[in-house]
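Okay, here's the thing in structure tokens:
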């Protein structure tokens, strides 16, 4: 019997007010910057590419007045998202750049 690995480990919900009503694309790039921060961007970012521990592509799903970011299991395990509190922030310059502080 073959079983499928659970690819999505965690859902992070972001109220659309946080992104100032900006619509997020269906996929974004997640950079694991350090032990306390993740950054999600729409386009590749050279600075983040150079200093990130790892990166992953994430899916974004629109639900009632919020964006749901589907985090891969390996990232979820690294940050222990199921056990940790986190804060979601956006860049003042670009509301589609999301910073998650663990």
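In our numbering, the protein residues as written are 252 to 353. Where a beta carbon is used, it is the ideal one built from N, C-alpha and C, also for glycine.
- In the three-state reduction of the DSSP assignment, residue 298 falls in the helix class, which pools H, G and I.
- In this structure, 289 is the residue among 300, 289, 315 and 297 with its C-alpha nearest to the C-alpha of residue 323.
- Judged by DSSP secondary structure, residue 325 falls within the alpha helix (DSSP H) whose first and last residues are 324-330.
- If you draw a straight line from the Cα of residue 304 to the Cα of residue 297, it is about 13 Å long.
- Here the alpha carbons of residue 306 and residue 285 stand approximately 11 Å from one another.
- Residue 281 sits in a strand when the DSSP states are folded into three classes.
- For residue 310, the enclosing beta strand (DSSP E) begins and ends at 305-314.
- In this chain, the beta strand (DSSP E) harbouring residue 339 covers 338-341.
- In this structure, residue 281 and residue 309 form a Cβ contact; the two beta carbons are roughly 5 Å apart against a cut-off of 8 Å.
- In this structure, residue 270 sits near residue 346, with a CB-CB distance shorter than 7 Å.
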